[in-house]
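Inspection log for the structure reproduced underneath, given as structure tokens.
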Amino acid sequence: DGGITQSPKYLFRKEGQNVTLSCEQNLNHDAMYWYRQDPGQGLRLIYYSQIVNDFQKGDIAEGYSVSREKKESFPLTVTSAQKNPTAFYLCASSIDTRNSPLHFGNGTRLTVT
Amino acid sequence: RKEVEQDPGPFNVPEGATVAFNCTYSNSASQSFFWYRQDCRKEPKLLMSVYSSGNEDGRFTAQLNRASQYISLLIRDSKLSDSATYLCVVTANPSGTGGFKTIFGAGTRLFVKA
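Spelled out as structure tokens, the structure:
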């Protein structure tokens, strides 16, 4: 079955450590996205990529980094520079960024203490 | 002004009721429109796309008014299982460069009670 896989589902880290969240899709979608959601809040765009080897900052990119070396993969690194990293992180993909709906993975809940 | 605005609710309705959600967007050049549903602590899932002529899927009807930059979702004969947060979603190119991106409203919470 085609879909988006995020791993792990739950992740715990100590403050000051970098952590990388995995996102893999086998839908053959060109576009991929990372969103962050805080309790009771909406989704905020961190980074997005329209095509392999290209990505753009979203609304809250500070303290995060991404890479898009393969079409299927769009890992997100939460660096120690991110001041409030504890959140629910959602990866998504779509055929394109203009007309296509997003398909989401199950999300990763990151807790930093 | 937020790019996509929704009434946060919550809407508390009895089973069988009809409920309507509204959404406004700020970019007149927005390209595509969707409604998503998000259950508590889960990922958003596509409910339906919204077309200029309006569209219906069972108990759900979506409308788009480009002139007023307004989108709506109507749920008829509400079920307990409709309880969720409903997200209005728009694709737009806010800066005119850098390509389109998908923008989510903060969502409207719906509680359907027996």
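Listed in order, the protein sequences are those of chains Y and S. Under this note's numbering, the residue at position 72 of the first sequence is numbered 68, and the numbers go up by one with no gaps. In short: position in the second sequence from 1, add 9, done, that's this note's numbering. Every residue, glycine too, gets a C-beta built ideally from N, C-alpha and C. Values in this document were obtained by computation on a predicted structure and should not be read as measured data.
Query	Result
Euclidean distance between Cα positions of S/I84 and S/T70	7 Å
8 Å Cβ cutoff met for S/T94 and S/S41	no
Y/A88 and Y/Q33 closer than 8 Å at C-beta	no
Chain Y contact residues for S/E52, given Cβ-Cβ distances below 7 Å	L86, F100, G101, N102, G103
Host beta strand (DSSP E) of S/P23 (start-end)	20 to 23
Under 8 Å between C-beta atoms of S/L73 and S/S61	yes
Same chain only: Cβ atoms within 6 Å of Y/V48, ignoring 5 sequence neighbours per side	R64, K67
Meets three-Cβ-pair contact criterion under 8 Å: the stretch 22 to 41 of chain S and the stretch 93 to 101 of chain Y	yes
Amino acids of chain Y, ordered along the chain, whose beta-carbon sits closer than 9 Å to that of S/S41	R94, N95, S96, P97
Neighbour flag for Y/L39 against chain S, beta carbons, 8 Å	yes
Beta carbon proximity, S/A115 to chain Y, threshold 8 Å	yes
Through-space distance from S/T33 to S/P19, alpha-carbon basis	18 Å
Y/T93 - containing beta strand (DSSP E), residue span	That residue, Y/T93, is in no beta strand (DSSP E); it is neither H nor E in DSSP.
Alpha-carbon spacing of S/Y45 relative to Y/Y29, whole angstroms	16 Å
Contacts around S/Q30, its chain only, beta-carbon distance under 6 Å, and the 5 residues preceding and following it disregarded	Looking at the sequence itself, residue 30 of chain S is Phe, so the reference to Gln does not match. So the qualifying residues of the chain are L82, Y95, T117.
Y/D50, DSSP secondary structure in three states	strand
Any C-beta of chain Y under 8 Å from that of S/T100	yes
C-alpha distance - S/T27 paired with S/C49, whole-angstrom precision	22 Å
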